[in-house]
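All remarks here apply to the structure that follows.
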Amino acid sequence: MDIGIDLGTANTLLYARGQGIVLNEPSVVAVREGSRTALAVGAEAKETIGRTPGSITAIRPLQDGVIGDFEAAEEMIRHFVRKAVPGRRPRTRMVVCVPSGVTPVERRAIVQAAQRAGARAVHLVEEPMAAAIGAGLPVSEPRGSMVVDIGGGTTEVAVISLGGIVTARSLRVGGHRLDAAITDFVRKEHGLLIGERTAEDIKVAIGSAWPVPESEGAGQSPSDKGGGGRRAGAFEMRSFAVRGREKVRGLPKTVDLTVKEVRAALDEPVEAIVAAVRATLEDCPPELSGDVMERGIVLTGGGALLPGLDLRLTSATGIPVTVADDPLDSVALGCGRCVEDFDALQRVMTAA
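Count the sequence shown with the numbering used here and you get residues 1 to 352, in order.
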């Protein structure tokens with residue numbers, strides 16, 4: 001049984017050969033203080049975030065796309081493999097996705113965690129390559145393809161040609177950084193303390209990177225879709241009732257956040273992503289730049305679902321930007337392709 005693992009900061013997805021994606025759960029482990037015993041893993045553990053007693057802590061073993069807590073990561077991988085492939089089984093061959101900017105020490109930690117979780121052989125594939133394969137881009141052709149993968153902990157920007165990464169940026173900004181920006185904004189502007197899950201709910205409900213228009217179809221420029229005089233859609237009129245603890249008095253309080261306020265809160269991390277895309281384009285060879293201009297940029301990852309992000313990138317670069325058909329699963333599907341066509345795609349992987 002060969003397994004592909006998208007080991008993400010927010011969620012971990014497992015792809016089993018011949019079966020497809022068999023598991024998609026949050027990368028969270030609930031442990032008891034002192035003993036380091038895992039009490040819950042995955043979705044069950046995520047439910048405990050912010051609601052645990054002092055003796056139990058809900059932790060994320062991966063920070064910024066790399067292992068921050070080795071023991072918890074090993075336990076989490078072992079638990080997910082057992083859950084996805086129950087029963088007796090031989091030691092598996094694993095293909096694990098890693099950020100393009102990881103250090104050799106961080107790579108070694110991922111390999112060791114996979115080996116101790118039951119892998120007989122571990123192969124690593126860089127996330128932007130897996131995302132491009134999963135999004136259906138022709139990575140093996142001598143033409144440039146550009147992908148921007150925005151995950152929970154990192155943003156991977158890469159130009160790919162002939163089965164290799166020509167130029168890339170790995171930015172430790174992702175969905176969790178967006179959540180933190182909302183938390184800081186609410187604390188500073190409204191004097192309200194909120195938790196991680198509330199910030200994520202706000203981002204999903206009314207978060208955006210560009211004024212979002214009424215539904216007018218695809219293929220329009222940013223100036224046509226909210227930045228150039230057209231009437232903004234109903235989304236811009238939304239608000240979100242936020243409940244938290246008042247900073248000064250310590251009492252429960254509710255405030256209403258608007259779409260414009262949340263967009264202002266997200267501006268700094270979103271601008272960091274835009275700057276990374278620009279820098280990658282500046283380093284791109286001229287011939288491949290022409291290919292990217294013709295074929296456009298593809299967004300993958302959970303961050304690709306942030307409304308208006310494609311329009312903001314198009315406005316900043318002048319290049320058409322599209323969202324992959326299945327952005328949340330693109331990396332896992334690309335990892336799965338490496339598992340299914342192991343011999344054909346072996347050159348995009350690193351044996352460890």
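In this text, a Cβ means the ideal position worked out from N, Cα and C, and glycines have one as well.
Which residue's Cα is closest to the Cα of residue i: the options?
i: Gly68; options: Arg177, Arg107, Met94 and Glu25; result: Arg107
i: Ile206; options: Leu306, Gly134 and Val139; result: Leu306
i: Arg93; options: Ile5, Gly42, Ser170 and Val105; result: Ile5
i: Gly244; options: Pro269, Val186 and Glu294; result: Val186
i: Ala168; options: Ser145, Ile21 and Gly50; result: Ser145
i: Gly8; options: Asp2, Leu162, Pro211 and Val96; result: Val96
i: Leu124; options: Ile110, Lys83, His176 and Gly290; result: Ile110
i: Thr57; options: Ala279, Val348, Thr37 and Ala117; result: Thr37
i: Gly296; options: Gly318, Pro252 and Ala121; result: Gly318
i: Ala10; options: Arg91, Arg197 and Ala119; result: Arg197
i: Leu23; options: Asp184, Val66, Val29 and Ile77; result: Ile77
i: Ala324; options: Arg120, Ile150 and Ala275; result: Ile150
i: Gly290; options: Arg143, Pro53, Ile133 and Leu171; result: Arg143
Going by the CB atoms, is the gap between residue j and residue i shorter than 8 angstroms?
i: Val159; j: Val292; result: yes
i: Phe240; j: Leu257; result: yes
i: Ser27; j: Arg60; result: yes
i: Leu313; j: Val321; result: yes
i: Gly153; j: Leu62; result: yes
i: Thr155; j: Val173; result: yes
i: Trp210; j: Gly336; result: no
i: Gly301; j: Val248; result: no
i: Val242; j: Ile202; result: yes
Which value, in whole angstroms, describes the spacing of the CA atoms of residue i and residue j?
i: Ala114; j: Asp283; result: 34 angstroms
i: Pro222; j: Glu246; result: Confidence is the limiting factor: at Pro222 the pLDDT is only 34, short of 50, which leaves the residue's position unreliable, though a coordinate-based value still follows. The straight-line gap from Cα to Cα measures roughly 38 angstroms.
i: Ser315; j: Leu39; result: 47 angstroms
i: Glu44; j: Val81; result: 16 angstroms
i: Ala232; j: Glu33; result: The predicted model places Ala232 with a pLDDT of 48, which falls under 50 and marks its position as unreliable; any figure quoted below should be read in that light. C-alpha separation (whole angstroms): 50 angstroms.
i: Asp326; j: Ala131; result: 10 angstroms
i: Leu345; j: Val85; result: 24 angstroms
i: Arg263; j: Gly20; result: 36 angstroms
i: Lys46; j: Glu287; result: 46 angstroms
i: Met129; j: Ala180; result: 28 angstroms
i: Ala135; j: Arg51; result: 37 angstroms
i: Arg17; j: Gly42; result: 22 angstroms
i: Glu141; j: Leu299; result: 20 angstroms
i: Val105; j: Pro213; result: 46 angstroms
i: Glu71; j: Thr12; result: 16 angstroms
i: Glu189; j: Val255; result: 11 angstroms
i: Met237; j: Glu261; result: 12 angstroms
i: His79; j: Ala117; result: 8 angstroms
i: His176; j: Gly195; result: 12 angstroms
i: Leu178; j: Val31; result: 26 angstroms
i: Val148; j: Asp64; result: 16 angstroms
i: Glu200; j: Thr48; result: 15 angstroms
i: Val102; j: Leu251; result: 43 angstroms
i: Val348; j: Val204; result: 34 angstroms
i: Val277; j: Ser330; result: 19 angstroms
Residue range of the beta strand (DSSP E) that residue i falls in?
i: Phe414; result: Here the chain has residues from 1 to 352 only, and residue 414 is not among them.
i: Val166; result: Gly164 to Leu171
i: Leu257; result: Pro252 to Thr258
i: Thr92; result: Thr92 to Val98
Between which two residues does the alpha helix (DSSP H) holding residue i run?
i: Pro286; result: Pro286 to Arg295
i: Val175; result: A quick correction: the sequence has Gly, not Val, at residue 175. Gly175 to His190 is the span of the alpha helix (DSSP H), which, as asked, contains Gly175.
i: Arg120; result: No alpha helix (DSSP H) contains Arg120, which is instead part of the beta strand (DSSP E) from Ala119 to Glu126.
i: Ile319; result: Premise fails: Ile319 is in no alpha helix (DSSP H) and is neither H nor E.
i: Leu137; result: Looking at the DSSP string, Leu137 is not in any alpha helix (DSSP H), and its letter there is neither H nor E.
i: Val353; result: This structure cannot speak to residue 353, because the chain is shown only from 1 to 352.
Legend entry - alpha helix (DSSP H) segments (min. 4 residues) lying fully within the segment 10-81: 43-46
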